Each structure stands twice: as structure tokens, then as C-alpha cells.
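J.: One gets the working numbering by counting positions in the sequence shown from 1 and adding 190 to each. Even for Gly, the Cβ is constructed at its ideal location relative to N, Cα and C. Since the structure is predicted, the reported quantities are computational estimates derived from the model, not experimental observations.
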Amino acid sequence: MFDTTARVWERAGEVIVAPPVPVRPFIDTLKTRCRSARASSFGWVIPADDAETAVALLRAHFPVVQDARQVAPQPPPFVDGGCDDPFRRLDLIAVLTPAAPALRAIYHDRHEARAAFAQLAAYDPTLPAQLGLAESLENQWVIAYAAQRFWHELLSGLAQLVHGVVLADGTVRETITAPDLMEYWHRTRRQICGAVPEHTGQRWYPTVATLPIWIAGLLACLEGPAFTLDESTATVFRHLPPWPLRLPSELFRLEVKDAVHWPVSVCVLPGSQVGDGQDVLLHLSAVGGLSKNRALWAAILDGRREPLAVRIGKQRHAPRRIEGRRPYVSDWNDQPLHASGLSHLALTHRSAFEPALGQAFVHLAGNDAAGAPDLVQFAQQLSRAISLPFDLAWAAQLWAYGTNPDDTETALITPLPSIGCQGYWVLADEPRWMRLIIAVQHGVAPEDLRDDDLMITDIGAALRLDDVIEQAGEGGDEGMRDEG
């Protein structure tokens, strides 16, 4: 890591600078600026006349410097800089996109895609250092440990900033606002890197002046079409194709015993939300040979409920078939897939299409970063799962309230572990849905409702049962005469 301490000390009237790793930009610049410098086994030996130049270069290329000279000058103050336009360097997205796989894997394999990092240096030699990267000898790349953690944390929560809206034609419009990006970057910097240092040489710390470069790098790491700047609203946006495959899905091997399949999408209900504590399968879309898919179909629907080994992100799940009679709707392609000649199997829990009254159901969205719901489909599902009438146009508000409960209640709508899609588990809790529906009807927040607002008002005359003197039934006149 090049953010370990670089040292400076004196010996026999000369100054020795010892970088923690041999970084090529520092070595090349030092040889040019201090021609009298010579390499040794413990660092670079610099004559006293060129000492300040060498130390300044050391501070420029390494974030942590310890000056152990007897008369060491005061280190310069740390300059954080400012940022008026966070989208000022969107031109870097095209350069940073080839390096996106390496940036996404930066916490696990810092040497991945070294050629992509070399392209950054060729485009602008100052770019790698501002992103916490440095080229060492023999075409190796090193990264500051703090920058490694900073990149990982930024990319882990980036999808939360994406706001998606499903349009009438099924496409999705995704937007990210400048204030959200800036606040997220500052919050993550404070969490990972701490407070702003007082002077240079204390530790690696990203400056506000480099914020546009970081934002360009984050946008380049989002899979799918590039974002476009809307200057009138200070947002970036893009359009994704209709569900279900709004973004390209990489097929990977599913760990199924005695069979090899490539799932396109999987959705699992965690055992914490199931009575027996076992994960259950809500949706599976797999591509493979016809015999393999038939074996997979039989294994899932077998009465023994054998677990299926599935990897979702970094987590392993072992979902089983949901108990019950005909719990899934299955779909097969009529003809082999055009490009590969393989078969396509899709198994989806029946509640995604036919929710039962009073029972929770699954809502499947696309694989876009925001997991934008299909509000029309959600409204139709909810209207069948609860007996309360509501205007289908309120779906957006009901979804927003259902996904953001207060701290004392369980969310009515919970995101589920998913790949290739985004699943949500919707509880059919009628008392709470009634409260939300009344809140939307009155145009107030649910917590601001009064007790009078929750009263059910009868429309028309209300009569006691003993006041009813005539009752119509299927018995006709004969039944009426018998009662008389």
C-alpha cells in the first residue's frame, strides 16, 4: 500500500527519502528534477541543495510522510478545495468505463484490469493519484488502503441513490440528483477517512476538489447505458428498456446437484420471514439443456422439498419449494432459443399473478439499480390481497409509505435477496393498509391521522336486525308464506 509511511531523514550531510513502494511517477519525476539523486538499498540519497525539492515531490506522490530531520520545516496545511459543479468531469466516464470492473473489484483484487488503469494515466497522468491509485514498477498498480475501503463503501451503497420510475411503455427512467451524490460522498468520506487532516502528510484523504472525478468514476461503475446530464434540474438520467431484462444479465452457473444451469434471475424469501426458518424459492428463471431443465423442474417440485444451492451476491442461500398445492406458475419456451438452441424455464410463485385475500404476495421488478416497481401491477395485486377499496392512482404513495415505515413497525414492503430481478415481499396487513389508504385520501402523513379519521362512516340508513320486516331469498313466495 502506498499510503504507508514515507520517511525522510539525514545522514552525513545528505538527505534520504524512502518511499514505501517504488512508484514510477515519483521515480521518473525525481530523476528529472533532482539529477544528483542516487538510489540505494534504503532509499534515495539527495544532496542538501536538492533536499526540499525531493521532499516536496515525496509529499506530492505519497499521502503519509514522516520527516525526521533535526530541522524539519512545518508541513504545508491540507487544502481541501471546493466544488461548484459536481458534474463537471462527466467527460471522464468514457475513460473510466473500461476500468469499471477493476474498480468494482478493488477491495478484493487490486491488480485486476491493470491495462485499464494504464489508460487513465495515459489520458491524464494526474487522474490515478486523485483516485488513490499509483503505478509501481513492472506495470504493477498499488492502491492506498484507505482508498480501497473508500471505493468499496461508495460502490456498495451507490444503488440507493438511483431513483427509478416505470413509464407507461414499460421503460424505466432512472435519475440521480447532484445533492444526493454530494451528500453521499461527504458522508462516506467522513465515515471511512475521518475528519479533514490539518496538514499534508498525515494520511490519505480525498479532497473536495476531486469530487467531480469521483462522481464520474461512480457513474461509470453503474452497469447499463451511460447517464446524460440534465442541466436544468442538476440531475443525470438514463432510460432502460422494459422489464424483465432492463440491464444485461451475465449467466453464471447455479449450484444444483447433478445438474448445471444458468439462472437469468432468482428471488428468495429469507427464512427469517418464514415460519419454519427455511429459505423458500419465489422465482427462478434458468437457461439450459431441455433434460437439465426438466430435472431442475422436477427437483424443485418434488415432495421432499430438497434445498437448492443459490449464490446471490456474496451470500449463499438454500431455498426450498413453498409448501402447498400448485404453488408455482411454470413457463417453458415453445421452441429452442434462437441463438443457443437451449430451453428456458421460468418458475414464479403464484402470488405474483393471483394474490390470495389476506395473504402476503411477491412483487417482481426488473434488474435496474433502483429496483423500480411496476406500480400498475402492484396496485392490481394489492387490490386482490386486501378487501379495502382504494384508487389505483394512489399506488405510488402507498408504495412509498409501505417501504418506509417508522422504527416501531415492520415494513409492509420488504426487498428480497434477488439477482437478475428485484423481488419485494408485500404483507397483506389490512389494519395498517387501511391507515395508509386513509392517510393518502386525506392528504396527510399516516402519523398525523386523528382517531376520528379512522372511523368507518356508514352511507345510507342503518337499521337494526329486528327492524327488518321483509327478506328476499331464493325460496320465493313459498318461503315467505312458511315464515308468515
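#1: Using a Cβ-Cβ cut-off of 6 Å (strictly less than) and excluding sequence neighbours within five positions of Arg356, which residues of its own chain qualify?
#2: Return no unless some Cβ of chain D is closer than 8 Å to the Cβ of Leu471.
#3: Suppose contacts are defined by Cβ-Cβ distances below 8 Å. Is Val519 in contact with Phe543 by that definition?
#4: For Leu547, count neighbouring C-beta atoms within 10 Å of its own C-beta (all shown protein chains included) and say buried if the count is 16 or more, exposed if not.
#5: Return the CA-CA distance between His286 and Ala410, expressed in angstroms with no decimal places.
#6: When DSSP builds the beta bridges, which residues end up paired with Thr397?
#7: Taking its Cβ as the centre, do 16 or more other Cβ atoms sit within 10 Å of Glu325, making it buried, or is it exposed?
#8: Taking the beta strand (DSSP E) that Leu535 falls in, what are its first and last residues?
#9: Between the C-alpha atoms of Arg201 and Gly233, what's the straight-line distance to the nearest angstrom?
#10: With a 10 Å radius around its C-beta and 16 neighbouring C-beta atoms as the bar for buried, classify Ala575 as buried or exposed.
#11: Pick out the complete alpha helix (DSSP H) segments inside the stretch 200-241, 4 residues or longer, and give them in chain order.
#12: How would you write the range of the alpha helix (DSSP H) that Trp584 sits in, first residue to last?
#13: Would you call the stretch 617-637 in contact with the stretch 495-508, where contact means no fewer than 3 C-beta pairs closer than 8 Å?
#14: Spell out the partners DSSP gives Gln505 in its beta bridges.
#15: Grouping DSSP H, G and I as helix and E and B as strand, with all else coil, what is Cys383?
#16: Evaluate Lys482 with the Cβ neighbour count: other Cβ atoms within 10 Å of its Cβ, from every protein chain shown; 16 or more gives buried, anything less gives exposed.
#17: Assuming Phe252 is part of the beta strand (DSSP E), what are its boundary residues?
#18: State buried or exposed for Ala488, treating a residue as buried only when at least 16 other CB atoms are found within 10 Å of its CB.
#19: Going along the chain, which residues of its own chain have a beta-carbon closer than 6 Å to the beta-carbon of Trp199, five neighbours each way excluded?
#20: Please tell me whether Ala560 and Ala349 are closer than 8 Å, where the distance is taken between their beta carbons.
#21: Pick helix, strand or coil for His186, following the three-state DSSP scheme.
#22: Using C-beta distances below 8 Å, list every residue in its chain close to Ala319, excluding the 5 sequence neighbours before and after it, in chain order.
#23: List the whole-angstrom C-beta distance separating Ala424 from Thr367, where the pair is believed to meet the contact cut-off of C-beta under 8 Å.
#24: For Glu343 and Thr378, which I take to be in contact (beta-carbon distance under 8 Å), what is that distance rounded to the nearest angstrom?
#25: Going by beta-carbon coordinates alone, are Ala583 and Phe568 separated by less than 8 Å?
#26: In three-state DSSP terms, what is Ser573?
T.: Walking through what the data contain:
#1: Walking along the sequence shown from the start, residue 356 turns up at place 166. Note that residue 356 is Val in the sequence shown here, rather than Arg. Hits under 6 Å: Val362, Ala562 and Asp564.
#2: Protein chain content of the structure displayed is limited to a single chain, and chain D is not contained in it.
#3: Counting from one through the sequence shown, the residue named residue 519 turns up at place 329. Counting from one through the sequence shown, the residue named residue 543 turns up at place 353. Going by C-beta atoms, Val519 is nearer than 8 Å to Phe543.
#4: Along the sequence shown, read from residue 1 onward, the residue named residue 547 stands at position 357. In the assembly as shown, Leu547 is an exposed residue. Its beta-carbon has fewer than 16 other beta-carbons within 10 Å.
#5: Within the sequence shown, residue 286 is the residue found at index 96, counting from 1. Within the sequence shown, residue 410 is the residue found at index 220, counting from 1. A small fix is needed here, since residue 286 is Leu in this sequence, not His. Cα-Cα distance, rounded: 6 Å.
#6: On the sequence shown, residue 397 is found 207 positions in, with the first residue counted as 1. Answer is none; Thr397 lacks a bridge partner.
#7: Position 135 of the sequence shown, counting from 1, holds the residue named residue 325. With 16 or more other Cβ atoms within 10 Å, it is buried.
#8: If you number the sequence shown from 1, residue 535 lands on position 345. Run containing Leu535: Ser533 to His539, per the beta strand (DSSP E) assignment.
#9: Position 11 of the sequence shown holds residue 201. Position 43 of the sequence shown holds residue 233. If I take the Cα positions, the gap works out to 12 Å.
#10: Here residue 575 corresponds to residue number 385 of the sequence shown, with the count starting at 1. Per the 10 Å Cβ criterion, buried.
#11: Runs of the alpha helix (DSSP H) inside the stretch 200-241: 214-223.
#12: Taking the first residue of the sequence shown as 1, we reach residue 584 at position 394. Annotation for Trp584: no alpha helix (DSSP H) segment contains it, and DSSP assigns it neither H nor E.
#13: In short, these stretches do not touch, since the Cβ pair count stays below three.
#14: Here the question's residue 505 lines up with position 315 in the sequence shown. In DSSP, Gln505 forms a bridge with Ile502.
#15: Residue mapping note: residue 383 aligns to position 193 of the sequence shown, counting from 1. Cys383: helix per DSSP, three-state reduction.
#16: One-based indexing of the sequence shown puts residue 482 at position 292. Classification of Lys482: buried, given that the 10 Å Cβ count is 16 or more.
#17: In the sequence shown, residue 252 corresponds to position 62, counting from 1. Per DSSP, Phe252 is not a residue of any beta strand (DSSP E), being assigned neither H nor E.
#18: For the purposes of this step, residue 488 is identified with residue 298 of the sequence shown, where counting begins at 1. Counting Cβ neighbours within 10 Å, Ala488 comes out exposed, since fewer than 16 surround it.
#19: In the sequence shown, the residue the question calls residue 199 occupies position 9. Take Trp199, set aside five residues on each side of it, and the residues of its chain with a beta-carbon closer than 6 Å to its own are Ile206 and Ala258, in chain order.
#20: If you number the sequence shown from 1, residue 560 lands on position 370. If you number the sequence shown from 1, residue 349 lands on position 159. Contact flag set, yes.
#21: Outside the displayed span of the chain (191 to 674) sits residue 186, for which this structure offers no information.
#22: Along the sequence shown, read from residue 1 onward, the residue named residue 319 stands at position 129. Here the set comprises Pro215 and His251.
#23: Within the sequence shown, residue 424 is the residue found at index 234, counting from 1. Within the sequence shown, residue 367 is the residue found at index 177, counting from 1. Contact annotation, Ala424 with Thr367: C-beta distance approximately 7 Å; criterion of less than 8 Å satisfied.
#24: Residue 343 sits at position 153 when you count from the first residue of the sequence shown. Residue 378 sits at position 188 when you count from the first residue of the sequence shown. Correct: roughly 5 Å between the Cβ atoms.
#25: Locating residue 583 in the sequence shown gives position 393, where the first residue counts as 1. Locating residue 568 in the sequence shown gives position 378, where the first residue counts as 1. Phe568 is positioned such that its CB atom lies no closer than 8 Å to that of Ala583.
#26: In the sequence shown, the residue the question calls residue 573 occupies position 383. If DSSP states are grouped into helix, strand and coil, Ser573 belongs with the helices.
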